[in-house]
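Student: Dropping the structure in here first, questions after.
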Amino acid sequence: MLALGALLAALPTTLLAADPIAGGVKQPLNVIAIVIFLIFVAATLVITWWAAKRSKTASDFYTAGGGISGFQNGLAVAGDYMSAATLLGITSLVYMRGYDGFLYAIAFFMGWPALLFLMAERLRNLGRFTFADIVSYRLDPRTMRIMAATGGLIVVFFYLIVQMVGAGELIQLLFGLDYNVAVVVVGVLMTVYVAFGGMIATTWVQIIKASLLLAGGTFLAVLTLSQFGFSFERLATAAVAVHKEHDTIMGPSVLLKDPIQAISFALGACFGLLGLPHILMRFFTVPDAVEARKSVVYASGFIGYFFLLICVL
Numbered sequence: 121m122l123a124l125g126a127l128l129a130a131l132p133t134t135l136l137a138a139d140p141i142a143g144g145v146k147q148p149l150n151v152i153a154i155v156i157f158l159i160f161v162a163a164t165l166v167i168t169w170w171a172a173k174r175s176k177t178a179s180d181f182y183t184a185g186g187g188i189s190g191f192q193n194g195l196a197v198a199g200d201y202m203s204a205a206t207l208l209g210i211t212s213l214v215y216m217r218g219y220d221g222f223l224y225a226i227a228f229f230m231g232w233p234a235l236l237f238l239m240a241e242r243l244r245n246l247g248r249f250t251f252a253d254i255v256s257y258r259l260d261p262r263t264m265r266i267m268a269a270t271g272g273l274i275v276v277f278f279y280l281i282v283q284m285v286g287a288g289e290l291i292q293l294l295f296g297l298d299y300n301v302a303v304v305v306v307g308v309l310m311t312v313y314v315a316f317g318g319m320i321a322t323t324w325v326q327i328i329k330a331s332l333l334l335a336g337g338t339f340l341a342v343l344t345l346s347q348f349g350f351s352f353e354r355l356a357t358a359a360v361a362v363h364k365e366h367d368t369i370m371g372p373s374v375l376l377k378d379p380i381q382a383i384s385f386a387l388g389a390c391f392g393l394l395g396l397p398h399i400l401m402r403f404f405t406v407p408d409a410v411e412a413r414k415s416v417v418y419a420s421g422f423i424g425y426f427f428l429l430i431c432v433l
């Protein structure tokens with residue numbers, strides 16, 4: 121329900137981005153892209169229908185009944201984390217800022233060991249449904265639930281704005297739809313997945329998403345490296361030669377000007393992960409603490425591999 125509330129709150133803000141974005145040139149209808157899109161929409165709706173039939177209790181809806189394995193949950197966590205913002209944002213940042221942009225990927229990734237050693241097992245052992253249930257377990261329930269819900273809504277709100285603006289723009293370019301219509305379509309699909317399928321549907325949709333990102337990223341990286349004899353050195357040399365900044369792109373830039381900014385950013389990126397509600401609540405979907413730890417290990421491997429692909433892309 122937290123995500124649904126944030127989705128409804130973010131929708132008007134997302135639609136306000138239509139004016140600056142709508143200035144782009146609309147593409148003609150891409151029949152192949154539309155067919156592929158409809159196939160995936162149909163597949164995810166079938167998963168939602170299947171999950172809705174299995175969700176009989178509150179535990180089924182919020183935590184998938186604790187029946188998700190460590191590997192499946194790790195892939196779903198990676199799907200949560202490896203979003204369009206990661207693929208497009210970090211890749212663009214590395215292109216624009218070079219060395220400093222890659223530091224973003226490293227800092228975000230370094231939060232996963234902290235999550236593994238500090239929180240994964242403890243969260244699962246509490247046996248609660250949501251992050252608000254955890255913080256209210258030993259502290260004042262009313263105050264903690266208000267603070268947790270407020271913080272969670274703020275985080276999810278900004279996440280949704282970025283994701284829905286990006287999704288709306290991509291659908292507009294691929295299918296020739298109006299931007300506002302594209303955003304509404306994305307919002308409706310997200311609402312259907314969560315409201316009817318619960319955590320079971322959400323988990324499998326994220327697993328599919330992670331698999332597509334990993335497979336697509338690998339395919340693009342292999343194609344790119346094949347043009348340079350699978351030599352990363354030759355690829356980097358060619359990239360530096362054609363970049364407008366040339367050799368300076370390989371050194372520190374103005375993104376992180378001094379050690380104070382670098383340390384501040386690193387701490388925020390590393391430990392900020394430990395408070396993301398959509399990541400923390402995934403630890404309640406596994407049967408025990410051992411599987412929770414496995415989830416983080418698998419997710420770290422998938423995400424680390426994906427960040428390596430971003431270096432090539």
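According to my numbering, the sequence shown is numbered sequentially starting from 121. Every residue, glycine too, gets a C-beta built ideally from N, C-alpha and C.
From what residue to what residue does the alpha helix (DSSP H) around Gly187 run?
Tutor: Stepping through the sequence shown from its first residue, residue 187 is reached at position 67. Segment: none, Gly187 is in no alpha helix (DSSP H) and carries neither H nor E.
Student: Nearest chain D C-beta to Leu393 closer than 9 Å, yes or no?
Tutor: The chain inventory of the structure shown lacks chain D, comprising one protein chain alone.
Student: Rounded to whole angstroms, how far is the Cβ of Val314 from the Cβ of Ile167, which I believe are closer than 8 Å?
Tutor: Walking along the sequence shown from the start, residue 314 turns up at place 194. Walking along the sequence shown from the start, residue 167 turns up at place 47. No, Val314 and Ile167 are not in contact; Cβ-Cβ is about 12 Å, not under 8 Å.
Student: Under 9 Å, do Leu355 and Thr344 count as touching if we go by C-beta distance?
Tutor: Here residue 355 refers to the residue found at position 235 of the sequence shown. Here residue 344 refers to the residue found at position 224 of the sequence shown. Contact: yes.
Student: Helix, strand or coil: how does DSSP classify Pro379 here?
Tutor: For the purposes of this step, residue 379 is taken as the residue at position 259 of the sequence shown. Three-state DSSP puts Pro379 in a helix.
Student: Near Arg413, what residues of its chain come up, given a Cβ to Cβ distance below 8 Å and the 5 sequence neighbours on each side ignored?
Tutor: As a first step, residue 413 is located in the sequence shown; it is residue number 293 there, counting from the start. Closer than 8 Å at Cβ, skipping near neighbours: Gly190, Leu236, Ala240, Glu241.
Student: When you compare each of Ala227, Gly186, Ala172, Ile210 to Gly388 by their alpha carbons, which one comes out closest?
Tutor: As a working mapping, residue 388 is identified with position 268 in the sequence shown. Minimum Cα distance to Gly388 is reached at Ala227.
Student: Could you work out which residue in Val306, Thr323, Phe422, Ile281 is closest to Gln292 when comparing CA atoms only?
Tutor: Along the sequence shown, read from residue 1 onward, the residue named residue 292 stands at position 172. Taking only the C-alpha atoms, the option nearest Gln292 is Val306.
Student: Should Asp367 be labelled buried (16 or more other beta-carbon atoms within 10 Å of its own) or exposed?
Tutor: Residue mapping note: residue 367 aligns to position 247 of the sequence shown, counting from 1. The residue in question, Asp367, is exposed, as its Cβ has fewer than 16 Cβ neighbours within 10 Å.
Student: Under the rule that 16 or more other beta-carbon atoms within 10 Å means buried, what is Asp378, buried or exposed?
Tutor: Counting from 1 along the sequence shown, the entry for residue 378 is found at position 258. Exposed is the call here.
Student: Out of Leu394, Pro397, Leu333, Val406, point me to the one whose CA is closest to Leu433's CA.
Tutor: Along the sequence shown, read from residue 1 onward, the residue named residue 433 stands at position 313. Of the candidates Leu394, Pro397, Leu333, Val406, the one whose C-alpha sits nearest the C-alpha of Leu433 is Leu333.
Student: Please state whether the Cβ-Cβ distance between Gly187 and Pro407 is less than 9 Å.
Tutor: The residue given as residue 187 occupies position 67 in the sequence shown. The residue given as residue 407 occupies position 287 in the sequence shown. In contact: Gly187 and Pro407 (Cβ atoms closer than 9 Å).
Student: Work out the CA separation of Phe391 and Lys176 for me, nearest whole Å.
Tutor: Counted from its first residue, the sequence shown places residue 176 at position 56. Counted from its first residue, the sequence shown places residue 391 at position 271. Their Cα atoms are separated by approximately 36 Å.
Student: Ordered along the chain, which non-local residues of its own chain (more than five positions away) have a Cβ less than 7 Å from that of Lys329?
Tutor: Within the sequence shown, the letter at position 209 stands for residue 329. Correct list, in chain order: Gly199.
Student: Got a sec? Which residues, its chain only, sit under 7 Å from Thr435 by beta carbon, not counting five neighbours each side?
Tutor: Residue numbering for the chain in the displayed model covers 121 to 433; residue 435 lies beyond these limits and cannot be assessed.
Student: What residue range is occupied by the uninterrupted alpha helix (DSSP H) comprising Gly218?
Tutor: Along the sequence shown, one-based indexing puts residue 218 at 98. Run containing Gly218: none; DSSP gives neither H nor E here.
Student: Can you list, in chain order, the residues of its chain whose CB lies under 7 Å from that of Thr405, leaving out five sequence neighbours each side?
Tutor: For the purposes of this step, residue 405 is taken as the residue at position 285 of the sequence shown. Once the five neighbours on either side are set aside, the close Cβ partners of Thr405 are Thr183, Ala184, Gly186, Ile188, Asn193, Met319, Thr323.
Student: Looking at Ala234: is its Cβ nearer than 9 Å to the Cβ of Ala252?
Tutor: Indexing the sequence shown from 1 puts residue 234 at position 114. Indexing the sequence shown from 1 puts residue 252 at position 132. Cβ atoms of Ala234 and Ala252: not closer than 9 Å.
Student: Given Val443, which residues of its chain have a CB within under 7 Å of its CB, disregarding the five upstream and five downstream residues?
Tutor: Residue 443 lies beyond the residue range present for the chain, which begins at 121 and ends at 433; the question has no answer from this structure.
Student: Quick one, which of Gly221, Trp170, Val255 has its alpha-carbon nearest Met401's?
Tutor: Counting from 1 along the sequence shown, the entry for residue 401 is found at position 281. Checked all of Gly221, Trp170, Val255; the closest Cα to Met401 is Val255.
Student: Have a look at His363 and Phe160 and give me their C-alpha separation to the nearest angstrom.
Tutor: If you number the sequence shown from 1, residue 363 lands on position 243. If you number the sequence shown from 1, residue 160 lands on position 40. Distance between the alpha carbons of His363 and Phe160 is about 37 Å.
Student: Based on Cα-Cα distance, which residue from Glu411, Leu297, Phe385, Ile266 lies nearest to Phe229?
Tutor: Against the sequence shown, residue 229 aligns to sequence position 109. When only C-alpha atoms are compared, the closest one is Phe385.
Student: Starting from the Cα of Tyr299, find the closest Cα among Leu309, Ala287, Asp220 and give me that residue.
Tutor: Here residue 299 refers to the residue found at position 179 of the sequence shown. Among Leu309, Ala287, Asp220, the Cα nearest to that of Tyr299 belongs to Ala287.
Student: Assign Asp260 to buried or exposed, taking buried as 16 or more other Cβ atoms, counted over all protein chains shown, within 10 Å of its Cβ.
Tutor: Position 140 of the sequence shown, counting from 1, holds the residue named residue 260. Label assigned to Asp260: exposed.
Student: Quick check for students: name the residue ranges of the beta strand (DSSP E) that lie wholly in the segment 288 to 322, counting only runs of 3 or more.
Tutor: None, since the segment 288 to 322 contains no complete beta strand (DSSP E) of that length.
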